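In this note's numbering, the protein residues as written are 8 to 433.
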């Protein structure tokens, strides 16, 4: 079922057909971002210890075989399985000891065995390691009751990596698992793309610093700390955090200045069509290119994207939940493209509604939801608020992601399948 395309059916207000026709679907907005955004130029070489969260500019290749030699997979006794004649049990004299980090001084053959420890090189002449729990000690000898199989409990040289193998491709984000693979490949340093330079400009005369005194018609600023937190990541260099000027000329000067210093300008508020919405007029005066202006979604319909000079611009709505949702969808998509990341965001998956929904159709709705358990068929069940309010964030910490409600649906029954987009923190 395709749920992201806007529909054209009777509605009213902001969902009237003539207004919906001017809006892109979510999928079309993603395509515009992909088509008109290129990775930033510039790379640097950094130590693996500083690589967490960065984006590979070059592939990582194995510098040598891993493991570099045949070694024991566990503590036990190294034996030659071909020396076992007839039915067991079999007796072996212990003729050597090989700790990890050392090599055997001589080979092992015949009825001899070597005490060996996990990770130690396997001595010449043996082809199996019998775990220590499966032997019985008889003085200086051991007894084995079950016949070992050739290759048992031995890690072969190159089983994990061969010299020259591509372990990680360019464009991959380096997390703990990728860092582990780089270390195993012998890469102490990696070539990564430079961080994306970003400026955040929050508009709205009514917003006041969180915790400060508020005017009678004032509200606390949610967007600045929220977006600052989402932009505080290793592949982003957040150069500027500004409060928008309260007049159009001042806002125009700010946008012009910021666009010369960063790769991406993010604004919140001021992108609707009201008399006090100054962002788009200021951008028009600067000759900005609008690649889309409005998406058929709820919340976040005014979200816009374009270019100011050489910088990309993403205009988020002013209401905090709408700003959060549109950043989760489009902000992360813009950053992935600018940073050259080849992997997508967390994949959508189907979930089951924990209770029924009645709603106004017309736009695809992205409603915060949390995983509440599983149904009898093992499918994830989500719970959620009765309605989406673009200015409310009190229940946001409880949510695990966004469920996508089809634009055409005015009601969905308990147990219905919908798509679910987990939140993306990177």
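Glycine included, every Cβ here is placed at the ideal spot set by N, Cα and C.
For clarity, every value in this text was computed on a predicted model and none was experimentally measured.
Is the CB of residue i under 8 Å away from at least one CB in chain C?
i: residue 270; result: The structure shown has no chain C; it contains just one protein chain.
Among all the DSSP beta bridges, which residues are the ones paired with residue i?
i: residue 85; result: 121, 136
i: residue 431; result: The partner list for residue 431 (beta bridge, DSSP) is empty, contrary to what the question assumes.
i: residue 44; result: In DSSP, residue 44 forms no bridge with anything.
i: residue 206; result: 247, 272
i: residue 168; result: 73
i: residue 387; result: 381
i: residue 7; result: The question about residue 7 has no answer here: the residues shown for the chain are numbered 8 through 433.
i: residue 479; result: Nothing about residue 479 can be read from this structure; the chain reaches only from 8 to 433.
i: residue 371; result: 304
i: residue 128; result: 78
i: residue 50; result: 200
i: residue 190; result: Beta-bridge pairing links residue 190 to no other residue.
i: residue 162; result: 78
i: residue 418; result: 365
i: residue 3; result: This structure gives no information on residue 3, because the portion of the chain shown stretches from 8 to 433.
i: residue 408; result: 376, 429
Apply the 10 Å Cβ neighbour rule to residue i and answer buried if 16 or more other Cβ atoms are within range, or exposed otherwise.
i: residue 98; result: exposed
i: residue 432; result: exposed
i: residue 17; result: The predicted model places residue 17 with a pLDDT of 39, which falls under 50 and marks its position as unreliable, so this point remains unresolved.
i: residue 15; result: Because the pLDDT at residue 15 is just 40, under 50, the model does not fix this residue reliably, and the value given afterwards should be weighed accordingly. Burial call: exposed.
i: residue 343; result: buried
i: residue 13; result: Any answer about residue 13 is weak, because its pLDDT of 40 lies below 50 and its placement is not dependable; what the coordinates show is given next. Counting Cβ neighbours within 10 Å, residue 13 comes out buried, since at least 16 surround it.
i: residue 187; result: exposed
i: residue 9; result: A caution first: residue 9 carries a pLDDT of 41, below 50, which makes its placement in the model too unreliable to give a value.
i: residue 240; result: buried
i: residue 329; result: buried
i: residue 19; result: Because the pLDDT of residue 19 is 39, which lies under 50, any placement of that residue in the model is unreliable, and the number read from its coordinates should be weighed accordingly. Answer is exposed; the Cβ neighbour count stays below 16.
i: residue 321; result: buried
i: residue 157; result: exposed
i: residue 33; result: buried
i: residue 112; result: exposed
i: residue 287; result: buried
i: residue 372; result: buried
i: residue 426; result: buried
i: residue 391; result: buried
i: residue 185; result: buried
i: residue 152; result: exposed
i: residue 307; result: buried
i: residue 275; result: buried
i: residue 259; result: buried
i: residue 313; result: buried
i: residue 130; result: buried
i: residue 305; result: buried
i: residue 251; result: buried
i: residue 145; result: exposed
i: residue 428; result: buried
i: residue 265; result: buried
i: residue 109; result: exposed
Determine the contact status of residue i and residue j, defining contact as a CB-CB distance below 8 Å.
i: residue 270; j: residue 47; result: yes
i: residue 63; j: residue 199; result: yes
i: residue 80; j: residue 163; result: no
i: residue 289; j: residue 246; result: no
i: residue 56; j: residue 85; result: no
i: residue 142; j: residue 123; result: no
i: residue 166; j: residue 128; result: no
i: residue 272; j: residue 323; result: no
i: residue 133; j: residue 87; result: yes
i: residue 359; j: residue 410; result: no
i: residue 395; j: residue 374; result: yes
i: residue 421; j: residue 363; result: yes
i: residue 54; j: residue 101; result: no
i: residue 179; j: residue 73; result: no
i: residue 209; j: residue 230; result: yes
i: residue 69; j: residue 171; result: yes
i: residue 400; j: residue 361; result: no
i: residue 377; j: residue 237; result: no
i: residue 277; j: residue 285; result: yes
i: residue 115; j: residue 126; result: no
i: residue 267; j: residue 325; result: no
i: residue 437; j: residue 150; result: Since the first residue shown for the chain is 8 and the last is 433, residue 437 is missing from the structure and cannot be characterised.
i: residue 49; j: residue 201; result: yes
Measure how close the beta-carbons of residue i and residue j come, nearest whole angstrom, since I'm counting them as under 8 Å.
i: residue 181; j: residue 61; result: 5 Å
i: residue 177; j: residue 66; result: 5 Å
i: residue 196; j: residue 52; result: 5 Å
i: residue 403; j: residue 331; result: 7 Å
i: residue 319; j: residue 345; result: 7 Å
i: residue 303; j: residue 37; result: The Cβ separation is near 13 Å, so there is no contact.
i: residue 30; j: residue 301; result: 5 Å
i: residue 405; j: residue 327; result: At roughly 16 Å, the Cβ-Cβ gap does not stay under 8 Å, so residue 405 and residue 327 are not in contact.
Check whether the Cβ of residue i sits closer than 7 Å to any heavy atom of the ligand NAP, and report yes or no.
i: residue 131; result: Among the components modelled here there is no ligand, and therefore nothing to report on the ligand NAP.
Enumerated in chain order, which unbroken segments of the alpha helix (DSSP H) with a length of 4 residues or greater are wholly contained in the segment 281-350? Within the segment 281-350, the complete alpha helix (DSSP H) runs of at least 4 residues fall at 286-292, 327-333, 339-345.
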